[in-house]
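Below: the structure, in structure tokens.
Protein chains: 2
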Amino acid sequence: MHETHTHVTEQIKSLLATGTEEALIDFVDTLHPADIVDLLEELDEAERSTFFHAIPADVAADIVEELEPIDQAELIRLMGAERSSEILREMDSDDAADLIAELPAAKAETLLDLMDIHGEDVRELLQYDEHSSGGIMATEYVSVHSEWTVEQTLSELRRVAPEAETVYYIYVLDDDEQLVGVLSFRDLVVAALDTRIDAIMNTNVLSVPVEADQEDVAQLFKKYRFLALPVVDKENKLTGIITADDILDVFEEEATEDIQKIAGTTPLEHPYFSSSIKELWSSRIVWLLVLFLAASLSGGIMQKFSTAMQTMIELTFFVPLLIDCGGNAGSQASTVVIRGLAVRDIRLRDIWAVMARELVVGLGLGAVMAGIGFLRAWRVGGSSAIGIVVSLAVLAIVVFSTVLGAILPIVATALRVDPAVMSAPLITTIVDAVGLLIYFSIAQLVLQV
Amino acid sequence: MHETHTHVTEQIKSLLATGTEEALIDFVDTLHPADIVDLLEELDEAERSTFFHAIPADVAADIVEELEPIDQAELIRLMGAERSSEILREMDSDDAADLIAELPAAKAETLLDLMDIHGEDVRELLQYDEHSSGGIMATEYVSVHSEWTVEQTLSELRRVAPEAETVYYIYVLDDDEQLVGVLSFRDLVVAALDTRIDAIMNTNVLSVPVEADQEDVAQLFKKYRFLALPVVDKENKLTGIITADDILDVFEEEATEDIQKIAGTTPLEHPYFSSSIKELWSSRIVWLLVLFLAASLSGGIMQKFSTAMQTMIELTFFVPLLIDCGGNAGSQASTVVIRGLAVRDIRLRDIWAVMARELVVGLGLGAVMAGIGFLRAWRVGGSSAIGIVVSLAVLAIVVFSTVLGAILPIVATALRVDPAVMSAPLITTIVDAVGLLIYFSIAQLVLQV
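Same order as they appear, the protein sequences are chains R and W.
Residue numbering for the first sequence follows this note's numbering, beginning at 1 and increasing consecutively.
Residue numbering for the second sequence follows this note's numbering, beginning at 450 and increasing consecutively.
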């Protein structure tokens, strides 16, 4: 169905070198903007510049919308302000705002001025927090007045369809521009042409405020399976629209952030290869340092029991095993709970239920591990006494880590701290120290060292 | 805009007890199916049964589609086969298939037989792997023939609109039922009524085969920002349609699976509270056991160097710190790379670029940590020699763990193993053993113990 990548690249290169502008435009017309993005990598700077000057601005806009922010900025630099603003004018306002937000202030101002009326829309969008509904909405919605007829609405649709983000929902406003209803395309198709809109509109219209958190908005899309959701300001005036494709990005972005936080790194702003070495470094050093200092705790406990270890050096053999055991059991529990909280499977009020379940799961896991731990410690340590010490320690550590790992993220939520901060490395460090304390205490009690 | 939860629950309870069926139906009509799901929790079994017998089957179907699988199965049991099949007939075929796949075979057969012609559609969907496009597609698409006019198409739309999953794309078939084009609603609105469909359809229609992996399909939606995508069989015949709302579920499901694998648990089939204690236990025990056995490696290395430790017990104080350091640095790198692979930011061919970047990042992280490690070991261990040993070990361990953590997931991808298997706990265990070996070797060399 699609021609091969290399073949298409060659064709574009030869059209850029020797073809007419019309031939190039006709060829580009057969390709999807998202595919052209892949081809751009193969062109050199001069070819890329020629390309973006030759094709119509609206086609260029569709392509630029698909680029990564770092490539967009590079392209703006390459094309100059005049051509850039032509293309920006054709972009959806939400995408244009995202692009301009990444540019230096002076450059952004120049472009916004050149964009005229479109620049005003974008300026307004730039005021909102980038993780709020205002930050992800577009201003290209379709709205009609409640006293219009179906026929008037259809002709308005014909007029705005090429510009709008989505024409699948039509929003109905009253005389004060307040949002009073919504129509789906389905409703229009099945109605007679002279029907009044307020006779067929759905008045039970759900909207979100401009300052709503994008993660909450994403959960609304998931729950109600919307294709689009209107955004209103404090006076219930329609100010924008969020579409399902924006929400796909939010879902992926939020999952990536959670995953990175769970591993104890500050979430990266950009994709891996768009992040500088310095950004990669600084996203990781903070937690490493915190955990490094916290690991001193475990060191202190080792120090406290150094006489015991000197008396019976075999005790040290099981330190890595016990540490890993607690860390792993704790991370498993915390990760499952952090994700459960994120997708709203687990709520604050479930804390006791989670604790009870994890206690049982922890006992089940600990019992098996304690059995194996006993056999191994007996064989390596040379006495059943050391076997008993290790297996009791394993049981206690696994139960403690499992319950703590499950509870901490919920406690964090209650304290309005991001549960993902209760990440695997932090829990590992806590249970390391406590685990060693448990282990050596049992050893002193049982072995009298 | 929405009445409070308790208020609505009370109203439904009183309508069930004393109201007429009409009053109940009218009231339910004002609520969104997704909101009714929340209310159902508050009803007892008898009330729930009355409720689902009183409301029209198509409304009931919309509600059942929103339920978790475990609640759907419970409801089917409560309602009996006759009423269940009436409701199933009104459900979208993909949702009906998901529900029936969860039931015992005998029960499923009874229901499928009662569903008549709808049962046949569902039977067909049940053949496909649940993670393939066949497994997530629905059969309720809108298709027209290429020689039809816009007017014929509009009247077909009026006929099928209430049943179809989406009416926003209309698929165009030739005489052999092959998929030859696609029309959007936009195209229809702006065309004259007597225009032939093949004159305005887009022939560059992208489709996916029934056996395509749902994760690949999700990436197509993300790249091309589709609202829906047609699914074809081996002969390019249209067999179903995947809509953007199904893809939201796929995105969340895949992210949850990745997160759980990264923490070393087998992904759970169901949400947290729908999973039994046994399922929670068995999702975690496998990796814990593997890692427990692997931790024996570290134990063996400790044993090998027991004389050194006995001579200088201070060496043991830093074991937890070094172990955590390597584990944390390794998990950070592996998690970032696993996620980068999942969202296609990192590809197989990037292995050398990733290795080079991570080497530099690891050196940067290791240098800082080595500095702090030197000061701490000097103070606690009482000699600058032990400070040198610890700081050299920290540097080597952090660099090694960072590079290994980043590379292993890419190697796994090359070997067609899921990169998320190269999870934090596995990497922790590997770098534990290697880290201890590095540490004690440096210690023997420098301190001559």
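The C-beta atom is built at its ideal place from N, Cα and C for all residues, glycine as well.
Would a check of beta-carbon distances place residue i closer than 8 Å to chain R?
i	result
residue 452/W	Below a pLDDT of 50, predicted positions are generally treated as unreliable, and residue 452/W, at 45, falls in that range; the measurement from the model is reported next regardless. Judged by the 8 Å Cβ criterion, residue 452/W is not in contact with chain R.
residue 631/W	no
residue 694/W	yes
residue 769/W	yes
residue 836/W	no
residue 889/W	no
residue 456/W	no
Shortest alpha-carbon distance to residue i belongs to which of the options?
i	options	result
residue 660/W	580/W, 842/W, 678/W and 650/W	580/W
residue 340/R	820/W, 717/W, 846/W and 794/W	717/W
residue 419/R	222/R, 443/R, 343/R and 386/R	343/R
residue 367/R	398/R, 352/R and 351/R	398/R
residue 325/R	734/W, 655/W and 631/W	734/W
residue 884/W	533/W, 795/W, 747/W and 875/W	747/W
residue 839/W	770/W, 598/W and 568/W	770/W
residue 81/R	46/R, 71/R, 69/R and 112/R	112/R
residue 144/R	198/R, 219/R, 127/R and 374/R	198/R
residue 721/W	249/R, 406/R and 182/R	406/R
residue 487/W	844/W, 745/W and 516/W	516/W
residue 303/R	745/W, 896/W, 754/W and 761/W	761/W
residue 319/R	332/R, 394/R and 369/R	394/R
residue 650/W	874/W, 632/W, 758/W and 642/W	632/W
residue 296/R	750/W, 731/W, 766/W and 726/W	766/W
residue 475/W	731/W, 624/W and 460/W	460/W
residue 737/W	248/R, 281/R and 333/R	333/R
Between residue i and chain W, is any beta-carbon pair separated by less than 8 Å?
i	result
residue 234/R	no
residue 149/R	no
residue 295/R	yes
residue 115/R	no
residue 379/R	no
Taking residue i as the query, report the chain W residues whose CB atoms sit under 7 Å from its CB, ordered along the chain.
i	result
residue 281/R	810, 813 and 814
Which residues of chain W have a Cβ atom closer than 8 Å to the Cβ of residue i, listed in chain order?
i	result
residue 252/R	671, 700, 704 and 792
residue 32/R	653, 655 and 673
residue 141/R	Within chain W, no residue comes near residue 141/R; the closest Cβ sits about 15 Å away, beyond 8 Å.
Would you mind sorting residue i into buried or exposed? The rule is 16 or more other CB atoms within 10 Å of its CB.
i	result
residue 832/W	exposed
residue 797/W	exposed
residue 553/W	exposed
residue 804/W	exposed
residue 155/R	exposed
residue 3/R	Its pLDDT being 45, under 50, residue 3/R is placed unreliably in this model, and the coordinates cannot settle the point.
residue 850/W	buried
residue 1/R	Any answer about residue 1/R is weak, because its pLDDT of 36 lies below 50 and its placement is not dependable; what the coordinates show is given next. Classification for residue 1/R: exposed.
residue 576/W	exposed
residue 784/W	buried
residue 547/W	buried
residue 864/W	exposed
residue 117/R	exposed
residue 93/R	buried
Starting from residue i, find everything on chain R with Cβ-Cβ shorter than 9 Å and list it in chain order.
i	result
residue 831/W	The contacting residues do not exist; residue 831/W stays about 11 Å from chain R at best.
residue 841/W	Those do not exist, as residue 841/W stays about 16 Å from chain R at its closest Cβ, beyond 9 Å.
Using a Cβ cut-off of 9 Å, pull out every chain W residue sitting near residue i, in sequence order please.
i	result
residue 230/R	Under the 9 Å cutoff, chain W gives no residues; its nearest Cβ is about 12 Å from residue 230/R.
residue 291/R	773, 774 and 777
Just to check, is the beta-carbon of residue i closer than 7 Å to a non-hydrogen atom of the ligand FMN?
i	result
residue 456/W	This structure simply doesn't include the ligand FMN, nor any ligand for that matter.
What residues of chain R sit near residue i, judged by a beta carbon separation below 8 Å?
i	result
residue 747/W	320, 321 and 324
residue 720/W	340, 343 and 345
residue 603/W	189
residue 856/W	By Cβ distance, chain R contributes nothing, its closest Cβ being about 14 Å from residue 856/W, past 8 Å.
At 7 Å on the CB atoms, spell out the chain R contacts of residue i, in chain order.
i	result
residue 817/W	285
residue 610/W	186, 189 and 190
residue 726/W	357, 360 and 361
Taking CB distances under 8 Å as the criterion, tell me whether residue i reaches chain C.
i	result
residue 626/W	Of the protein chains in the structure, R and W, none is chain C.
* When you check each C-beta in the region 770 to 790 of chain W against every C-beta of chain R, which residues fall closer than 9 Å? -> Correct list: 770, 771, 772, 773, 774, 776, 777, 778, 780, 781, 782, 783, 784, 785, 786, 787, 788 and 789.
* With 9 Å as the C-beta to C-beta threshold (strictly closer), list the residues of the region 189 to 212 of chain R near chain W in chain order. => Listed by position along the chain: 189, 190, 204, 205, 206 and 207.
* To do: Report the residues of the region 300 to 316 of chain R with a CB closer than 7 Å to any CB of chain W, ordered along the chain.
  => Hits within the stretch, in order: 302, 303, 306, 309, 310, 313 and 316.
* To do: Report the residues of the region 705 to 717 of chain W with a CB closer than 9 Å to any CB of chain R, ordered along the chain.
  => Residues of the region 705 to 717 of chain W whose Cβ lies closer than 9 Å to any Cβ of chain R, in chain order: 705, 707, 708, 709, 711, 712, 713, 714 and 717.
* **Members of the region 416 to 449 of chain R near chain W, C-beta cut-off 9 Å** => If the cut-off is 9 Å between Cβ atoms, the region 416 to 449 of chain R has 424, 425, 428, 429, 432, 433 and 436 near chain W.
* Asked: Between the region 12 to 33 of chain R and chain W, which residues of the former have a C-beta closer than 7 Å to a C-beta of the latter?
  -> So the close ones are 30 and 32.
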